[in-house]
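Structure, as structure tokens:
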């Protein structure tokens, strides 16, 4: 999701609140409960059943995300990837989320000028901030940023 100090402008309300605050402060049992409400976290179902469920859920996705969610092969990969991520339980994924939603111990604007940094975000992405190199990032310099319109 990126360094917390670059903000969540452009993200939908669930991710704008859930990422910096929800996952960071919620207990592990809340994480288990959260993942069990979603197709990818329903480990009691087969991968095929989860794929079908995910494809049904995708019908309510934002219009700009539908072409991705309609890609059955990609969604199959998402289900398989999450099966592996949750293979030893939900706690590892939740712990990763907790760690990456906390301050990194430095601010992006303080990175050296000679240090190459690449952050990839889609312009229309509602899960994360709009574009990492936008003016909202303050003094951060994003030289060589490539915009592909996604």
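Residue numbers (our numbering): 173 to 322. Just so it is clear, CB atoms sit at the ideal spot from N, CA and C, and this is done for glycine as well.
Check the Cα spacing between residue 252 and each of 224, 219, 263 and 271: the tightest is with 219.
Annotated as distal: residue 229 and residue 257, with beta-carbon spacing of 7 Å or more. With respect to the 7 Å criterion, residue 204 and residue 214 are not classified as neighbours on the basis of their beta carbons. By the Cβ test, the segment 263-281 is in contact with the segment 196-203, since at least three Cβ pairs between them sit closer than 8 Å. Contact annotation, residue 217 with residue 247: C-beta distance approximately 14 Å; criterion of less than 8 Å not satisfied. With distances taken between CA atoms, residue 236 lies nearest to 184 out of 180, 184 and 289.
Collapsing the DSSP output to three states places residue 288 in coil.
In the DSSP annotation of this structure, the continuous segment of the alpha helix (DSSP H) that includes residue 269 starts and ends at 263-273. Under a 10 Å Cβ-count criterion, residue 193 is classified as exposed, with fewer than 16 other Cβ atoms of the shown protein chains found around its own Cβ.
7 Å or more divides the Cβ of residue 271 from the Cβ of residue 196. Residue 244 sits exposed, since fewer than 16 C-beta atoms from the chains shown fall within 10 Å of its C-beta.
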